[in-house]
Amino acid sequence: MEFTEAYKQTGPCCFSPNSRYVAVANDYRLVIRDTFSFQVVQLFSCLDKISYIEWALDSEYILCGLYKKPMIQAWSLTQPEWTCKIDEGPAGISYARWSPDSRHILTTSEFQLRLTVWSLLNTACVHVQWPKHGSKGVSFNQDGKFAAICTRRDCKDYVNLLSCQSWEIMGSFAVDTLDLADLEWSPDDSSIVVWDSPLEYKVLIYSPDGRCLFKYQAYECGLGVKTVSWSPCGQFLAIGSYDQMLRVLNHLTWKTFAEFLHLSTVRAPCSAAIFKEIDEPLQLDMSELSLDENFMPSNYDASEGYISVRYEVMELPVAFPFQKPPADKPNPKQGVGLLAWSKDNQYICTRNDSMPTALWIWDMCRLEVAAILVQKEPIRAAVWDPTCTRLLLCTGSSHLYMWTPSGAFCVCNPLPGFSISDLKWNIDGSCLLLKDKDAFCCATVPSLPESSDYSSDD
1 MEFTEAYKQT GPCCFSPNSR YVAVANDYRL VIRDTFSFQV VQLFSCLDKI SYIEWALDSE
61 YILCGLYKKP MIQAWSLTQP EWTCKIDEGP AGISYARWSP DSRHILTTSE FQLRLTVWSL
121 LNTACVHVQW PKHGSKGVSF NQDGKFAAIC TRRDCKDYVN LLSCQSWEIM GSFAVDTLDL
181 ADLEWSPDDS SIVVWDSPLE YKVLIYSPDG RCLFKYQAYE CGLGVKTVSW SPCGQFLAIG
241 SYDQMLRVLN HLTWKTFAEF LHLSTVRAPC SAAIFKEIDE PLQLDMSELS LDENFMPSNY
301 DASEGYISVR YEVMELPVAF PFQKPPADKP NPKQGVGLLA WSKDNQYICT RNDSMPTALW
361 IWDMCRLEVA AILVQKEPIR AAVWDPTCTR LLLCTGSSHL YMWTPSGAFC VCNPLPGFSI
421 SDLKWNIDGS CLLLKDKDAF CCATVPSLPE SSDYSSDD
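See below:
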């Protein structure tokens, strides 16, 4: 892997959908860099500090959320002189997003009073009253023709279906939830999944015309659903719960065909490879070299050498660090808080928040755990390569950690003092964006050979 130099950032950073640009928030300035040369191609000045940025799907426009103001500013890369400012006045703005056609912006006011659709083609705007959430509760189908928007009125949750051409309400139906948490269209547009708040375990599958296809409730009298994710093919629905279990439903009968438990101790028989991150001092014999004292690095200890890390395959049984959440505090750190499908639908990676240093990788063909990565620090982020079966994760250290079906290994970031707290792929899987607290860099990732032969010592 090759790394760029570090660049300053004070907020969100993201690739454009066409992978040609990377947008970076630097206080009140929006910096657009070319992903090949990393030269600045556009620089826009906003009216306040940037809290949020989002590209339009055509990569021609980009919006900036100035939530302290509060207002939205949008910019055009092809017409730098074009500007757009959205201000809801006393209602405020809590969140903004692009429509799939890249010519409309949807904003949600403070206290969820209304959702407004603003057109960039004319001065028209459409209002949807009483949206359920600010940043959640809106989902577009795959072809971008319809939007499903959660609303709440008369103490009941509803799903409104809007046409993304006329923005008229095509239909509305009530859903059987106490406090709807979120919803998501299936990748094949045949159904919409709706799930309740953690206080009530309830997952509902609806057809676009409002028919309830299936109601799933794994248990009662306990904290319920924490994460939900469709497989890329749309044939499976993965549900992560507070009871530390991952359940997978099929799209034909909506029955559970797999249940995976995150055990605190893994014992034989188990075919999974368990990789544990360990320190590996690099012994450097520099006794015969005559070097000036100013040349010696300040963190070098002749007795210990430089510190590197690598993975070691563990023998069973293996016990993982377990954190029991306090019973008197809200939002307990337990249950499946991270859940992501691989591009080929074969693997799911999960993190049980009670064991934040362990990442579980489940094989959906064999219906068993394929590998477990045990880190020294809690896992911050884990993302699948959008083009192949390759998983990358970070823990806030200076290292990247990579897993493929052939093995796992560690990659050291050569930038001094750079701690990787977040990472994002571009759409073609050729480049990776790495974030530190106040800087970012990018790394080019080589494509995997058809028969990759990685090992933990690479």
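Here the UniProt record's numbering is used: the first residue of the sequence shown is 1, the next is one more, and so on.
Glycine included, every Cβ here is placed at the ideal spot set by N, Cα and C.
#1: For the beta strand (DSSP E) holding Tyr206, just list the boundary residues, first then last.
#2: Distance check for Pro386 and Glu304, CA to CA, integer angstroms please.
#3: Shortest alpha-carbon distance to Asp188 belongs to which of Lys156, Phe140, Ile169?
#4: How about the region 204–218 and the region 319–328: do they share at least three Cβ pairs that are nearer than 8 Å?
#5: First and last residue of the beta strand (DSSP E) that includes Gly337?
#6: Helix, strand or coil for Pro131, going by three-state DSSP, please let me know.
#7: Taking DSSP as the reference, what is the three-state secondary structure of Gln112?
#8: Once the 5 residues before and after Glu88 are set aside, which same chain residues still bring their CB inside 6 Å of it?
#9: So which of Pro446, Cys442, Pro449, Ser447 has the shortest CA-CA distance to Phe3?
#10: For His104, does the count of other Cβ atoms within 10 angstroms reach 16, so buried, or fall short, so exposed?
#11: For the region 376–384 and the region 326–337, state whether three or more C-beta atom pairs, one from each stretch, are separated by less than 8 Å.
#12: What separation, rounded to the nearest whole angstrom, lies between the Cα atoms of Lys8 and Leu434?
#13: Ala174 and Tyr158 - do their beta-carbons sit closer together than 8 Å?
#14: Which runs of the beta strand (DSSP E) fall wholly inside the region 342–379 and span at least 3 residues, in chain order?
#15: Are the Cβ atoms of Ile205 and Trp254 separated by less than 8 Å?
#16: Please state whether the Cβ-Cβ distance between Thr35 and Tyr21 is less than 8 Å.
#17: Mind checking which residues open and close the beta strand (DSSP E) that includes Gly65?
#18: Buried or exposed for Asp301, going by 16 or more other Cβ atoms inside 10 Å?
#19: When you compare only the Cα positions, how much space is there between Leu316 and Cys270?
Reading from the atomic positions:
#1: Position 206 of the sequence shown, counted from the start, is the residue given in the question as residue 206. From DSSP, the beta strand (DSSP E) with Tyr206 extends over 203–206.
#2: Residue numbering aside, residue 304 sits at position 304 when the sequence shown is read from its first letter. Residue numbering aside, residue 386 sits at position 386 when the sequence shown is read from its first letter. The predicted position of Glu304 is uncertain, since its pLDDT is 38 and thus under 50; a value taken from the coordinates is nonetheless stated next. Cα to Cα, the separation comes out at about 40 Å.
#3: Translated into positions along the sequence shown, residue 188 becomes position 188. Answer by Cα proximity: Phe140.
#4: Proximity of the region 204–218 to the region 319–328 falls short of the contact definition, fewer than three beta-carbon pairs being nearer than 8 Å.
#5: Counting from one through the sequence shown, the residue named residue 337 turns up at place 337. 336–341 is the span of the beta strand (DSSP E), which, as asked, contains Gly337.
#6: One-based indexing of the sequence shown puts residue 131 at position 131. Pro131: strand per DSSP, three-state reduction.
#7: Along the sequence shown, one-based indexing puts residue 112 at 112. Of the three classes helix, strand and coil, the one that applies to Gln112 here is helix, per DSSP.
#8: The residue labelled residue 88 in the question sits at position 88 within the sequence shown. Correct list, in chain order: Ser109.
#9: Position 3 of the sequence shown, counted from the first residue, corresponds to residue 3. Looking from the CA of Phe3, the closest CA among Pro446, Cys442, Pro449, Ser447 belongs to Cys442.
#10: Here residue 104 refers to the residue found at position 104 of the sequence shown. A buried status is given to His104, since no fewer than 16 other beta-carbon atoms sit within 10 Å of its beta-carbon.
#11: no
#12: For the purposes of this step, residue 8 is taken as the residue at position 8 of the sequence shown. For the purposes of this step, residue 434 is taken as the residue at position 434 of the sequence shown. About 12 Å.
#13: Here residue 158 is taken as the residue at index 158 of the sequence shown, counted from 1. Here residue 174 is taken as the residue at index 174 of the sequence shown, counted from 1. One thing to note: Tyr158 has its Cβ within 8 Å of the Cβ of Ala174.
#14: 347–352, 358–363, 368–374
#15: As a first step, residue 205 must be located in the sequence shown, where it is residue number 205. As a first step, residue 254 must be located in the sequence shown, where it is residue number 254. Taking 8 Å as the Cβ cut-off, Ile205 and Trp254 qualify as a contacting pair.
#16: Here residue 35 refers to the residue found at position 35 of the sequence shown. Here residue 21 refers to the residue found at position 21 of the sequence shown. Yes, these two residues count as a Cβ contact at 8 Å.
#17: By one-based count along the sequence shown, residue 65 stands at place 65. Gly65 -> beta strand (DSSP E) spans 61–66.
#18: Numbered from 1 along the sequence shown, position 301 holds the residue referred to as residue 301. Confidence in Asp301 is poor, its pLDDT being 41 and thus under 50, which makes the residue's placement unreliable; the coordinate value appears in the next sentence. The residue is exposed, with fewer than 16 neighbouring Cβ atoms inside 10 Å.
#19: On the sequence shown, position 316 is the one that residue 316 refers to. On the sequence shown, position 270 is the one that residue 270 refers to. Distance between the alpha carbons of Leu316 and Cys270: 8 Å.
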